[in-house]
Each structure stands twice: as structure tokens, then as C-alpha cells.
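Here the structure is laid out as C-alpha cells; the discussion comes afterwards.
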Amino acid sequence: MNILTFDIEEWFHILDNASTRTEAEWSQYETRIYQNMDRIFQLLDETNSRATFFCLGWVADKHPDIIRRIDAAGYEIATHSYAHQLAYEQTPAEFQADLERSIKHLQDLTGKKVRSYRAPGFSIKEFNRWVFPILLEQGIDIDCSVFSARRSHGGDASLNMFSPGYLNVEGTLLKEFPINTAAVLGQDLIFSGGGYFRLFPYRVIKGFMRRSDYVMTYFHPRDFDAEQPMIPGLSRARRFKSYYGLENCLPKLKKLLLEFPFVDLSEADKQVDWANVVRRDVKR
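Per UniProt numbering, the sequence shown starts with residue 1, numbered consecutively.
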């Protein structure tokens, strides 16, 4: 099972960086999301692909026509938070308010229930699992935030989830579609989205795909924008991670979509045998 998803945010929504931290800083940057979304829509048309779009409520607020266009094309819309903040830097009350705001903006525009969520930066760790009961309280029944490997902005290896399963949240079940990894020399590597996808040569990604029964992809509009300006204040490592391989990402993804079958999250949910998946107990 290969799942195609996009995190819909602007090119300057880079986490943990002073010059792009909050809405107060974002106003200084140009709008590039329209041209980058055009690339995504064209890609999906050319490859006859379905995808799930994890959209920021902020994008729905500032650029509602983008959300309407995604919905009008028949693609599934999920939430990626409102203001693209790291979940573990928020209090439960702040997280809940942000989530509510995002869901309201998206549902008001489409008239359709938002049932799936992905945390910015996969920013759920062992100490902020209080996120999961809040998701359920807000009507979310599918989460795509678990990252069972080490990561700068998140990662909860103790959950040990690499394929769809249930999170048992104090007696209520939350469906989880985690990020997959590939084992190389004893290390769990991520290859299916963002900077990781841009870094690996296509032949390596193809090899990982062939060995994987489950792949959860995640791409951003900025991943396909080789002309975007340089964000100030990034370290050398962050500049490399954020800008390497931008010029080749779109043709690489197009080749992948033509060579392997992909589905959106809604279809993947139908294909999972939920009676026989792993369950992980989660407490607040």
C-alpha cells in the first residue's frame, strides 16, 4: 500500500527558525503557493493520481480559493494545524484552540467533515501524547503524525509503529497511519517525503519502494520550487536540508507515480484490515 499526501503550506513555513517562527514574521515574505500548487495539480492530472491534502488553516484563511480548488477537484482535505507550530511547544489548551480553528476554516469552505490530522514536523513525542485524546475530542479519527525514528522536530520510537494500526487512547481507538522507514545497516531511514526524498537518488528510492509493503509519502509545495529565495537565519545544515534537490523533485515524483500504484488516505483506510492490526496503548 502506497499513500500519496501533500502538506499544504507556504514556502516560508520552516519550523524552529527565528525568521519564520510565527504569523508575525510571515507577512514579510512573498506569496509563492499558487504557482507551486499549479505544479502539484498538473502532476496529479498527468499521472492520474489521487492524493490527500493536509492543509493549514492559515492557508484556508489567507487563500481560501486554494482549498476550494482542491475540494472541487475531488481530492481529500485533512488538517495540518492552523498556524504550523510544533505541537510539543504548545500547551494542551493552545493545541486544542489551534486545531479547532483549523478544522472550522476547512469545514466552512468545503462543507465536509475533516477527519484526518498530521502534526507540523511530526512533532509528537512521548511526553506530549496528550495530543491524541484532543484529536478524538475534536472529531479526528485518523492521525498521520507518528514517526517511530529519531528526528529533529519529533519522533516517538517507543510506539514502534511502521504500518497502519490503532492507538488505544484510554479506551477509544484512533486510527494511525505512521511514517514508514527502511532499515539500512541497522538504521531506520526515511525516504518517502520532504528532504529525504530529495536527497536520495531515484534508484535508491525505487529499491526501498520495492521492499516496502507500506509507504506513507509527504510532500510540500515548496519541494517543487527551485526558484524560491533563501530563508535568512538558517544554519548550513538546515539550508542543505531545505534547498537540496528542489530542481529534481518534481520529475522524480512523477516517475515514481508512473511506476508504482498510489492511493489517497481515504482509499487506504478502506483497504486496511482493521480487525488484525497492531494496537498501542496511549495515555495522557
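Just so you know, even glycine gets a beta-carbon here, dropped at the ideal spot from N, CA and C.
CA nearest to the CA of residue i, picked from the options
i      : options                          : result
Gln90  : Ile205, Leu106 and Val131        : Val131
Lys206 : Lys252, Asn180, Gln228 and Gln42 : Lys252
Ala72  : Lys112, Phe197, Pro92 and Trp58  : Lys112
Glu193 : Tyr88, Leu250 and Glu267         : Reading off the sequence shown, one finds Gly at residue 193, where the question assumed Glu. It is Leu250.
Ala157 : Thr172, Ala18 and Ile179         : Ile179
Ile140 : Arg32, Lys175 and Glu170         : Lys175
Ala18  : Arg129, Gln85, Arg118 and Phe260 : Gln85
Thr172 : Lys255, Lys283 and Ile190        : Lys283
Inter-residue Cα distance where the pair is residue i and residue j
i      : j      : result
Leu56  : Leu136 : 19 angstroms
Glu9   : Pro120 : 10 angstroms
Leu265 : Arg280 : 21 angstroms
Ile103 : Gly233 : 32 angstroms
Phe177 : Glu23  : 29 angstroms
Contact check, residue i vs residue j, beta carbons under 8 angstroms
i      : j      : result
His80  : Phe122 : no
Leu199 : Tyr166 : no
Phe6   : Trp26  : no
Ser116 : Ile142 : yes
Ile77  : Thr110 : yes
Coarse secondary structure for residue i, derived from DSSP in three states
i           : result
Thr181      : coil
Ile103      : helix
Arg68       : helix
Cys144      : coil
Gly233      : coil
Gln138      : coil
Phe54       : strand
Leu173      : strand
Arg273      : Position check: residue 273 holds Asp in this sequence, whereas Arg was assumed. Of the three classes helix, strand and coil, the one that applies to Asp273 here is coil, per DSSP.
Val114      : coil
residue 291 : Absent from the model: residue 291. The displayed extent of the chain is 1 to 284, so no value can be given.
Met1        : coil
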